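Engineer: First the structure, then my questions, so here it is.
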């Protein structure tokens, strides 16, 4: 059974002041196998984030349904951890308390939360920052904390909505390696939304290209590169070939998206 | 996240460029300097004979009057009773208004039910209720507390509802994906998010509560700072009247400093914002 199955899910936003409704996502089907790492690639505004938000339960599909572990998604839940593009750490909580937020909501006792947080801080390289408040952290550190916070509930599925989109290039490369290490260690099922082609190829086992609005899956490209992956892989001819194929597909869509926004 | 660089205190930049920081010492010195100017002006017009003592007592006479009030007329009792009225009325109003405001900010049906009436009631001037409240409750403590309650309650409710409602949506969504339920969202996301602003609102409204209590005491009371001011008018003692007003300002200033110190202790996570 697929870990996530998206069955005919579409989303239409009602028109403003009686205007025509806007279709963000054409009804689409997608099955994500257990422990798979799937990247959804598309030009901005293609509805890829909307699709992810529907899987998270933060947005409602206008048609179709999402099944996670065989159960229909109706609301957000701790079984699907999410990392957002914007910095969403709770500013009033320290790094350790942020990571412990999910377990706390589930009633995990203090000592156990501490143990979970300490382990995750070590895994994502935050040791020594336990008592820092988010405003004292760099963007990269904040996203590390956000990743650790999502992992603290030990969710079966990790939903990542351009989590490194606001980071500088170098930090971003480090975060990609970190996330790969986490996946290689824990083998979560991952749905990763990005508009960065290199990032998608480096991280994922399958890359889905979405069309410009309304979003639909245009192309699927398998990434048969072996794990564990090292950053040097980005310079290999195999990597470049996949990147080129995706660049071709996405370029068309970006041009279409640009033409629509005129 | 906005973290705009605040221009620092550097040589070569004039402090009169926008947002250029000044040293804490300069800040205190400038604040004190205004009080000095204020007293100089006051002394100038009174001792210089520009204003008759009948209308405005000079600083020395004012403080002498203040000394007499405490030494001979047991004024400390009046101060204590006024402070207890303000604090009492304010605490009762806040105790009811804060939870209601939170409920309104978080739950849209609650907001839809209360908001129109509260918006209407907010414009009812508390002082206009005083004659009515004297009829209903007499001139005792209950009437004073009621005036403050009416003046503070609706303002607090509305401002807190807005603050809670403005909780960053992405934080609420993050909490949902971490498994939080409604209770968790309200108590452990919305409330801490809005807490510093709620404290700021309470500080502001406490200032207004002072106005209401004095008005109530001017109109009908047999004790309190307002009652003293009214009494002094009968004897044309402007020194005492001014001292009374001055004292209210001084108490306000001290409470303000207390609130600020408390905020620094309670909300260490937002230092430097």
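Protein chains in written order, with this note's numbering: chain A, 41 to 302; chain B, 414 to 686.
Built from N, CA and C at the ideal position, the CB exists for glycine as well.
Because the structure is a prediction, the values reported are computed rather than measured.
#1: Decide if residue 640 of chain B is buried, meaning its Cβ has at least 16 other Cβ atoms within 10 Å, or exposed.
#2: Just the Cα atoms here: how many angstroms apart are residue 686 of chain B and residue 612 of chain B?
#3: Between the Cα of residue 655 of chain B and the Cα atoms of B:466, B:681 and B:450, which residue gives the shortest distance?
#4: Note down, in chain order, each residue of its chain lying with its Cβ closer than 7 angstroms to the Cβ of residue 414 of chain B, except the 5 sequence neighbours on either side.
#5: Going along the chain, which residues of its own chain have a beta-carbon closer than 6 angstroms to the beta-carbon of residue 417 of chain B, five neighbours each way excluded?
#6: Based on DSSP bridge pairs, tell me the residues matched to residue 121 of chain A.
#7: When we look at the beta-carbon of residue 131 of chain A and count the other beta-carbons within 10 Å, is it buried (16 or more) or exposed?
#8: Who are residue 261 of chain A's beta bridge partners in DSSP?
#9: Quick one: what's got a C-beta closer than 7 angstroms to residue 269 of chain A's C-beta in the same chain, skipping five residues either side?
#10: Leaving out five residues on either side along the sequence, give the residues of the same chain with a beta carbon under 8 angstroms from the beta carbon of residue 666 of chain B.
#11: Taking 7 angstroms as the threshold (beta carbon to beta carbon), is residue 584 of chain B in contact with chain A?
#12: Note down the Cα distance separating residue 199 of chain A from residue 121 of chain A, rounded to an integer number of angstroms.
#13: According to the neighbour-count rule (16 or more other Cβ atoms, all chains shown, within 10 Å of its Cβ), is residue 532 of chain B buried or exposed?
#14: What are the partner residues of residue 231 of chain A, as DSSP defines its beta bridges?
#15: Relative to the C-alpha of residue 65 of chain A, which candidate in A:43, A:44, A:103 and A:59 has its C-alpha closest?
#16: Counting only Cβ-Cβ distances shorter than 9 angstroms, please list the residues of the segment 156-173 of chain A near chain B, keeping chain order.
#17: Residues of chain D with CB under 9 angstroms from residue 683 of chain B, in chain order?
#18: So does residue 203 of chain A have its beta carbon nearer than 6 angstroms to some heavy atom of the ligand FAD?
#19: For chain A, find out if any of its Cβ atoms is closer than 7 angstroms to the Cβ of residue 590 of chain B; answer yes or no.
#20: Have a look at the DSSP bridge pairing and note the partners of residue 47 of chain A.
#21: In or out: residue 538 of chain B buried (at least 16 other Cβ within 10 Å) or exposed?
#22: Can the beta-carbon of residue 78 of chain A be found less than 7 angstroms from the beta-carbon of residue 97 of chain A?
#23: Confirm, please, whether the CB-CB distance from residue 625 of chain B to residue 561 of chain B is below 7 angstroms.
#24: Could you compute how far the alpha carbon of residue 24 of chain A sits from the alpha carbon of residue 609 of chain B?
#25: Leaving out five residues before and five after residue 478 of chain B in sequence, what residues of the same chain have Cβ atoms less than 6 angstroms from its Cβ?
#26: Tell me, to the nearest whole angstrom, how far the beta carbon of residue 618 of chain B is from that of residue 565 of chain B; I am working on the premise that it is less than 8 angstroms.
#27: Can residue 214 of chain A and residue 179 of chain A be called in contact, C-beta distance under 7 angstroms?
#28: Taking all protein chains shown into account, decide if residue 602 of chain B is buried (16 or more other Cβ within 10 angstroms of its Cβ) or exposed.
#29: Taking its Cβ as the centre, do 16 or more other Cβ atoms sit within 10 Å of residue 649 of chain B, making it buried, or is it exposed?
#30: Keeping to the same chain, check which residues put their C-beta closer than 7 angstroms to that of residue 674 of chain B; ignore five residues upstream and five downstream.
#31: Please confirm whether residue 160 of chain A and residue 188 of chain A have their CB atoms less than 7 angstroms apart.
#32: Pair every Cβ in the segment 584-597 of chain B with every Cβ in the segment 544-561 of chain B, then say whether three or more of these pairs are closer than 8 angstroms.
#33: Check whether chain A comes within 7 angstroms of residue 519 of chain B, counting only Cβ atoms and requiring the distance to be less than that.
#34: Taking the beta strand (DSSP E) that residue 70 of chain A falls in, what are its first and last residues?
#35: When burial is assigned at 16 or more other CB atoms within 10 Å of the CB, is residue 174 of chain A buried or exposed?
#36: Should residue 593 of chain B be flagged as near chain A, meaning a C-beta pair shorter than 7 angstroms?
Structural biologist: This is what the structure holds:
#1: buried
#2: Below a pLDDT of 50, predicted positions are generally treated as unreliable, and residue 686 of chain B, at 46, falls in that range; no measurement from the model is reported.
#3: B:466
#4: Residue placement at residue 414 of chain B is flagged as unreliable, the pLDDT there being 42, under the threshold of 50; the coordinate-derived value follows with that caveat. If we look at residue 414 of chain B and ignore the five residues flanking it on each side, it has no Cβ neighbours.
#5: The predicted model places residue 417 of chain B with a pLDDT of 48, which falls under 50 and marks its position as unreliable; any figure quoted below should be read in that light. Here the set comprises nothing.
#6: A:198
#7: buried
#8: A:247
#9: 220 and 242
#10: none
#11: yes
#12: 6 angstroms
#13: exposed
#14: A:78 and A:199
#15: A:103
#16: 173
#17: No chain D is part of this structure, whose protein chains are labelled A and B.
#18: Summarising the ligand content, the structure contains no ligands, and the ligand FAD is consequently not present.
#19: yes
#20: A:105
#21: exposed
#22: no
#23: yes
#24: Any question about residue 24 of chain A goes unanswered here, given that chain A covers just 41 to 302.
#25: 652, 653 and 656
#26: 5 angstroms
#27: no
#28: buried
#29: exposed
#30: none
#31: yes
#32: no
#33: no
#34: 62-72
#35: buried
#36: yes
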